[in-house]
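**Q** The structure is given below, and queries will be raised subsequently.
2 protein chains.
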Amino acid sequence: MDIRKQVGLNVQRVRRTRGWSQEELAFQSGLHRTYISGIERGTRNPTVTVLKELADALAVPPRTLLDLGSPSGG
Amino acid sequence: MDIRKQVGLNVQRVRRTRGWSQEELAFQSGLHRTYISGIERGTRNPTVTVLKELADALAVPPRTLLDLGSPSGG
DNA sequence: TTGTGACTCTTAGTCCGTG
DNA sequence: TCACGGACTAAGAGTCACA
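Heads up: the protein sequence lines correspond to chains L and B, in order. Under my numbering, the letters of the first sequence match residues 13 to 86, in that order. Under my numbering, the letters of the second sequence match residues 13 to 86, in that order.
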């Protein structure tokens, strides 16, 4: 499994547990809407600082977005 | 704690448990020695794919390099 | 054995628009 | 509400000479 794909899946999963649109997550994280889209589709290769910003916005530990297991973002 | 600093500390810690020099890790990961140096000092902002290559070379799960806790690398 | 500034090339990340 | 492409600016990837 490509790590980018894994990150994308995790971001999307946690985002949906929040009931957020991509645009809402973009607003919360300070990143751009189309960039969030690219990350979730696994076509972008985010840096660790972006990973952190995403994790902060989603209120989960950064490692959650790298893991295969169940995200703790209930 | 800056996430880049945290990654650097973790890379360095795991590398040393392997008894490897930066040059050895550079060889194992296919990255440049000076680039490893920059990451360990927290002056570089690696992407998730680089994080994965490092984790692979060090034989630890990628999330290990983001965590604050004790690395599981040996 | 590692730190560092500077460099080239590629890509991260933004913004606009279409379907 | 989201996927996707083009164009753009800032920054990361990757390398070297020197200390």
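Glycine is no exception: its CB is placed at the ideal position from the N, C-alpha and C atoms. Treat the numbers as computed from the prediction; the structure is a model and nothing was measured.
(1) Between R16(L) and R56(L), what straight-line distance do the alpha-carbon atoms span, to the nearest angstrom?
(2) Beta carbon of E65(L), beta carbon of V23(L): below 8 Å?
(3) Taking the straight line between their C-alpha atoms, what separation do you get for A69(L) and D14(B)?
(4) Taking a contact to mean a Cβ-Cβ separation below 8 Å, would you say V72(B) touches V26(B) in this structure?
(5) Using the rule of at least 16 other Cβ atoms within 10 Å of the residue's Cβ for burial, across every protein chain shown, is G20(L) buried or exposed?
(6) Please return the same chain residues whose Cβ sits closer than 6 Å to the Cβ of I48(B), not counting the five positions on each side in sequence.
(7) Whole angstroms is fine: what's the gap from T76(L)'s alpha carbon to D79(B)'s?
(8) If you reduce the DSSP assignment to three classes, tell me which class T76(L) lands in.
(9) What's the gap between the Cα of R30(B) and the Cα of H44(L)?
(10) Suppose contacts are defined by Cβ-Cβ distances below 8 Å. Is P58(L) in contact with A67(L) by that definition?
(11) May I have the straight-line CA-CA distance separating L3(L) from G50(L), to the nearest angstrom?
(12) Hey, is N22(B)'s beta-carbon within less than 8 Å of any beta-carbon in chain L?
(13) Cβ of S41(L) within 7 Å of any heavy atom in the ligand ZN?
(14) For V19(L), would you say it is in contact with chain B, using Cβ-to-Cβ distances shorter than 8 Å as the test?
(15) Reducing DSSP to helix, strand and coil, say where T55(L) ends up.
**A** The answer reads as follows:
(1) 7 Å
(2) no
(3) 16 Å
(4) yes
(5) buried
(6) Residues Q34, L37 and A38 of the same chain have their beta carbon placed closer than 6 Å to that of I48(B), with the five preceding and five following residues left out of the count.
(7) 10 Å
(8) helix
(9) 40 Å
(10) no
(11) Residue 3(L) falls outside the range modelled here, since chain L spans only 13 to 86, and no answer is possible.
(12) no
(13) In the structure shown, the ligand ZN is absent, as is every other ligand, since no ligand is present at all.
(14) yes
(15) coil
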